Amino acid sequence: MHYDTVMVLGGVLSVLLTAIMALTLRALPTSARPSLLPWLAALALMSLYWWVFLRVEAANDSDLVALLNALLLLALSGQWLAVRRFLGDRPLLWPVLVLVLLALAATLALGPDPERYTARVAIVAIFAAGTLLAVAWALRPSRCDTDAGRLLRLIALTAAALAPIRMVVRVFAPTSEWEAIFDFVALACIFVYPTLASFAFLLMHVERVNGSLQRLAATDALTGALNRRALESLAVRTLSEARRHRRPTSLLMIDADHFKRVNDTYGHEAGDAILVQLTERIGRTLRLEDAVARVGGEEFVVLLPGTPVTEAVRVAERIRSLVRERSFLHGDDEILLTVSIGVAEQGSDEADFEQLLRRADDAMYAAKRAGRDRVRSAPETRQVR
Numbered sequence: 144m145h146y147d148t149v150m151v152l153g154g155v156l157s158v159l160l161t162a163i164m165a166l167t168l169r170a171l172p173t174s175a176r177p178s179l180l181p182w183l184a185a186l187a188l189m190s191l192y193w194w195v196f197l198r199v200e201a202a203n204d205s206d207l208v209a210l211l212n213a214l215l216l217l218a219l220s221g222q223w224l225a226v227r228r229f230l231g232d233r234p235l236l237w238p239v240l241v242l243v244l245l246a247l248a249a250t251l252a253l254g255p256d257p258e259r260y261t262a263r264v265a266i267v268a269i270f271a272a273g274t275l276l277a278v279a280w281a282l283r284p285s286r287c288d289t290d291a292g293r294l295l296r297l298i299a300l301t302a303a304a305l306a307p308i309r310m311v312v313r314v315f316a317p318t319s320e321w322e323a324i325f326d327f328v329a330l331a332c333i334f335v336y337p338t339l340a341s342f343a344f345l346l347m348h349v350e351r352v353n354g355s356l357q358r359l360a361a362t363d364a365l366t367g368a369l370n371r372r373a374l375e376s377l378a379v380r381t382l383s384e385a386r387r388h389r390r391p392t393s394l395l396m397i398d399a400d401h402f403k404r405v406n407d408t409y410g411h412e413a414g415d416a417i418l419v420q421l422t423e424r425i426g427r428t429l430r431l432e433d434a435v436a437r438v439g440g441e442e443f444v445v446l447l448p449g450t451p452v453t454e455a456v457r458v459a460e461r462i463r464s465l466v467r468e469r470s471f472l473h474g475d476d477e478i479l480l481t482v483s484i485g486v487a488e489q490g491s492d493e494a495d496f497e498q499l500l501r502r503a504d505d506a507m508y509a510a511k512r513a514g515r516d517r518v519r520s521a522p523e524t525r526q527v528r
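Its first residue numbered 144, the sequence shown is counted upward by one per residue in this note's numbering.
1. Looking only at its own chain, which residues have a Cβ that is under 6 Å from the Cβ of A368, when we skip the five neighbours before and after it?
2. Roughly how many angstroms lie between the CA atoms of T366 and I397, to the nearest whole one?
3. Start and end of the beta strand (DSSP E) containing V278?
4. Out of curiosity, what's the CA-to-CA distance linking A249 and G221?
5. Would you identify the three-state DSSP class for T366, choosing helix, strand or coil?
6. For W223, which residues from the same chain have a beta carbon less than 6 Å from its beta carbon, with the 5 sequence-adjacent residues on both sides left out?
7. In the DSSP assignment, what residue or residues form a beta bridge with P238?
8. Here's the rule: buried if 16 or more other CB atoms are within 10 angstroms of the residue's CB, otherwise exposed. What is A513?
9. Between the region 238–248 and the region 207–217, do at least 3 Cβ pairs fall closer than 8 Å?
10. With burial defined as no fewer than 16 other Cβ atoms inside 10 Å of the residue's Cβ, what is the status of V458: buried or exposed?
11. Around the C-beta of P522, are 16 or more other C-beta atoms found within 10 angstroms, so that it is buried, or is it exposed?
12. I need the DSSP call for S491, collapsed to helix, strand or coil.
13. Hey, is the region 343–357 in contact with the region 413–431, meaning 3+ C-beta pairs nearer than 8 Å?
14. If we count the other Cβ atoms within 10 Å of its Cβ and call it buried at 16 or more, is E488 buried or exposed?
15. DSSP three-state label for P448, please.
16. Quick check: is the beta carbon of D398 nearer than 8 Å to any beta carbon in chain C?
17. G292: buried (16+ other C-beta within 10 angstroms of its C-beta) or exposed?
18. Could you check whether A225 and A272 sit closer than 8 Å to each other, using their CB atoms as the reference points?
19. If we ignore side chains and look at the alpha-carbon of each, how far apart do Y286 and A364 end up?
20. Check G414 in the structure and name its three-state DSSP category.
21. Say whether the region 338–349 touches the region 390–407, bearing in mind that this needs 3 or more beta-carbon pairs closer than 8 Å, one atom from each stretch.
22. On the three-pair Cβ rule with 8 Å, is the region 229–241 touching the region 257–269?
23. Classify L282 as buried or exposed, calling it buried when 16 or more other Cβ atoms lie within 10 Å of its own Cβ.
24. As an exercise, report each continuous beta strand (DSSP E) stretch of at least 3 residues that is fully enclosed by the region 153–237, in chain order.
25. Of all the options R517, G485 and I298, which has the alpha carbon lying nearest to the alpha carbon of R467?
26. Leaving out the 5 sequence neighbours to the left and right, which residues in its chain are closer than 8 Å to P391 when beta-carbon positions are compared?
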């Protein structure tokens, strides 16, 4: 393929990518804009890059070459800034602009002398490789371990590897056919990289949106606890695994005592605030593998994998004490609350989650009948051995 053809195709593709990203931006949540807008700006700079490239080929102007290099570095930097914004990091705009200006000044200072061509290429290659490595580092597994994040990291690392290879060929085989080959490969990389990277970056946003939708479908909108459907799905898997590996699993049914009085006295807004605080207090007593769900107005269920009934009762007592001993706050009001808790451990004769839930619910009502602010455990069945 001829160089001019690559440049024209690169320009057309960059414009199309910019248009696609702009249209996609309208379909994504507004929270995606802080990261997608810098990426859009980077694609616009790449469109300008290809137009300047055509002018450079026609005029062979050293100032245009310096501008061309600056546009490429700004575009790569814009993508790095976009990735940082996606991850919630500070954008670091001014340091990037300073580095690009320094690179521009250095290439202008070297001038059009052919003997300094290698030095000019080295400046651009080092900066470009460094920016691509920065993208890959920002997407390291500890920060972004999604499929799309891994894909963009691989694309950035592959593109970054071409810069030092091209420099080695330039230094050690400056007049061989390998130099022409790697010059073309570098140009092809500039042509292909924005397309692959842009689709990977869009996939990162799609994954985030899908994750948010899944969380919304699985959680209670007010408290952030699991909803009943998500609890049932999790409990079925947990109980099945517990039976298979002969491990105990317990369930807590928690109900706020006289909660209607709270709503009648302080209003439903105060009631909602207390439910949120109650969820937080329950969560403080739990392990990472435990789960809490809101299954009714003021009813919560706690799933305790690997926990026998004796330990589950201790967990329930900690929750009861934590609720009773500290007032709940809403505005200037300090509101006292207690909870009644029923505890049940899975028995070997229990075939499903609903049976265990009913036994925990019966135990909770036994705590209510005993005077509230109590923990009661369900009668034992034949336990999992």
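Where a beta carbon is used, it is the ideal one built from N, C-alpha and C, also for glycine. A quick note: this is a predicted structure, and the numbers were derived from the prediction, not measured.
Taking the definition as stated:
1. Take A368, set aside five residues on each side of it, and the residues of its chain with a beta-carbon closer than 6 Å to its own are T422, V435, A436 and R437, in chain order.
2. 15 Å
3. From DSSP, V278 is part of no beta strand (DSSP E) but of the alpha helix (DSSP H) over Y260 to A281.
4. 21 Å
5. coil
6. T274, A277 and V278
7. DSSP output for P238 lists no bridge partner at all.
8. exposed
9. yes
10. Counting Cβ neighbours within 10 Å, V458 comes out buried, since at least 16 surround it.
11. exposed
12. coil
13. In short, these stretches do not touch, since the Cβ pair count stays below three.
14. buried
15. strand
16. No chain C is present in this structure, which holds just one protein chain.
17. buried
18. no
19. The displayed chain sequence assigns Arg, not Tyr, to residue 286. If I take the Cα positions, the gap works out to 27 Å.
20. helix
21. no
22. no
23. buried
24. Within the region 153–237, no complete beta strand (DSSP E) run reaches 3 residues.
25. R517
26. A385, G449, T450, P451, V452, E488, Q489, Q526 and V527
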